[in-house]
Amino acid sequence: MSEITLNAAAGSPEAAPRKAPVATTGAVAWARQNLFSSWLSTAVTLALGYLIVRWTLGFIDWAFVNAIWSVPFQGNQPQTQACRDIKGVGACWAVITEKHRFILFGTYPYEEHWRPALVCLLFVALYVISAMRRFWNWRLIPIWAATLTLIGVLMWGGVFGLSFVPQERWGGLPITLILSTFGLAFAFPLAILVALGRRSRLPAIKVLCVLYVELIRGVPLISLLFMASVMFPLFLPEGMNIDKLLRAQVAITLFAAAYLAEVVRAGLQALPRGQYEAAEALGLSYWQKTGLIILPQALRLVIPPLVNTFIGFFKDTSLVLIIGIFDLLTAGKTAIVEPAWQGFGVEVYVTVGVIYLVFCFAMSKYSQDLERDLNRHRRR
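When we follow this note's numbering, the leftmost residue of the sequence shown carries the number 3, and every step to the right adds one.
Written as structure tokens, this is what we have:
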């Protein structure tokens with residue numbers, strides 16, 4: 003009341019703005035409502051807080067304070083006795099320092115490691131450009147074509163003065179990115195066609211799409227990889243051979259398309275019937291109605307499950323180790339086969355896990371932002 007009087011005396015008709023009380027808004031109010039709303043909630047919060055702090059301090063001690071970052075060498079043999087003497091109290095990151103190239107690039111020729119390293123950067127740049135909405139037009143097609151051609155030239159070589167490297171020497175992170183990128187890039191349009199086919203009024207097309215989805219989803223990915231690697235070559239004409247990486251790529255593409263088709267079909271079924279009727283009332287053809295009105299809205303509805311499927315298949319590419327392809331995880335497991343480094347698998351798996359986490363978290367974060375932007379009109 004005194005503030006209003008003073009402002010009025012000064013010739014200001016409005017009262018000075020006051021901050022909201024911290025007890026009802028802000029971090030204090032959020033903590034009181036969500037973490038300390040009752041005695042049980044308070045007890046659980048304190049117990050979990052204690053465990054988290056204790057685990058965090060223990061991890062810092064293991065990963066940084068007591069860690070060993072390098073070991074001496076005697077000739078070409080690493081002397082890892084210092085790592086064994088700490089008996090798990092600290093991490094032995096020396097295995098990553100020594101084996102990081104093998105983990106990232108597998109058996110690719112050592113002097114040519116700049117080529118797969120550049121390929122990884124090209125893949126990341128391609129993802130970033132594809133995520134920018136201003137490139138969602140015809141320009142994205144030549145960008146993908148040029149980038150993938152350059153990636154093939156770098157990995158194979160044999161032209162422009164680059165030495166030829168057979169696919170049997172490829173490995174590590176480039177293989178994971180190749181399998182996941184090509185697999186999902188080809189699986190997504192196939193999934194859209196299959197999803198539309200399952201809703202088709204033509205019985206033959208509908209039955210074929212249903213059989214494809216149910217058969218592929220009814221078996222694990224490992225069995226498809228075995229079929230592609232072992233059984234498929236038996237049906238080829240004599241003298242004809244298809245590369246093992248290509249066979250694995252086809253199996254992953256078909257498997258991913260079956261799962262993505264069901265996600266897309268869910269979006270098509272979730273769309274109100276009025277959208278279909280409105281499109282038909284405009285006199286649009288089937289493909290105009292589907293491409294301009296139905297599919298954009300359906301895909302917008304299923305962004306979370308789509309990205310969840312993308313993340314799952316990015317990690318499932320590690321299953322190719324069963325047919326002898328050196329992906330990132332396989333290269334990490336092989337790096338600790340050397341007797342000097344046996345027993346330090348935790349450090350390798352943590353490093354590989356961080357790499358997977360970076361890519362998966364980036365996809366998850368981008369999908370959240372994309373969903374928020376595309377569905378902004380629904381919150382009005």
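Note that CB positions come from ideal geometry on N, CA and C, so glycine has one too.
Beta-carbon proximity check, residue i vs residue j, cutoff 9 angstroms
i	j	result
threonine 319	threonine 178	yes
leucine 156	proline 118	yes
leucine 227	isoleucine 305	no
alanine 84	valine 73	yes
leucine 331	valine 354	yes
leucine 256	alanine 300	no
glycine 199	leucine 210	yes
cysteine 373	arginine 267	Per the sequence presented here, residue 373 reads as glutamate, with cysteine not at that position. Not a contact, by the Cβ cut-off of 9 angstroms.
isoleucine 218	alanine 259	yes
Counterpart residues of residue i in DSSP-defined beta bridges
i	result
cysteine 94	Ile70
aspartate 329	Gly174
proline 80	Phe75
Straight-line gap, residue i to residue j (C-alpha atoms, nearest Å)
i	j	result
glutamate 216	isoleucine 153	35 angstroms
leucine 262	phenylalanine 190	7 angstroms
leucine 37	threonine 44	6 angstroms
valine 232	isoleucine 224	12 angstroms
isoleucine 6	glycine 28	At isoleucine 6, the pLDDT of 46 sits below 50, so the modelled position is not reliable and the matter cannot be decided from this model.
proline 176	valine 126	11 angstroms
phenylalanine 363	alanine 283	43 angstroms
alanine 93	valine 196	49 angstroms
phenylalanine 2	glycine 220	The first residue shown for the chain is 3 and the last is 382, placing residue 2 beyond what the model contains.
glutamine 370	glutamate 264	21 angstroms
glycine 269	proline 239	42 angstroms
methionine 242	valine 339	35 angstroms
isoleucine 145	proline 111	28 angstroms
tyrosine 368	asparagine 78	45 angstroms
methionine 229	alanine 193	21 angstroms
aspartate 124	serine 287	The residue asked about is misnamed: residue 124 is leucine in this sequence, not aspartate. The straight-line gap from Cα to Cα measures roughly 39 angstroms.
valine 55	leucine 359	22 angstroms
Element boundaries [alpha helix (DSSP H), containing residue i]
i	result
glutamine 370	347-376
glutamate 45	The sequence shown places alanine at residue 45, rather than the glutamate named in the question. First-last of the alpha helix (DSSP H) with alanine 45: 41-62.
lysine 89	Element bounds for lysine 89: n/a, residue is neither H nor E.
aspartate 318	305-318
valine 252	246-272
alanine 231	For the sequence presented, residue 231 should be read as serine rather than alanine. Neither: serine 231 is in no alpha helix (DSSP H) and is coded neither H nor E.
arginine 141	Taken as a continuous stretch (DSSP letters only), arginine 141 belongs to no alpha helix (DSSP H), as it is neither H nor E.
tyrosine 214	205-219
glycine 159	Here glycine 159 belongs to no alpha helix (DSSP H), and DSSP marks it neither H nor E.
At a cut of 8 angstroms, does the stretch 321-332 reach the stretch 54-65 through at least three beta carbon pairs?
The stretch 321-332 makes no contact with the stretch 54-65; the number of CB pairs closer than 8 angstroms stays below 3.
Do the stretch 267-280 and the stretch 291-298 touch if we need at least three Cβ pairs shorter than 8 angstroms?
yes
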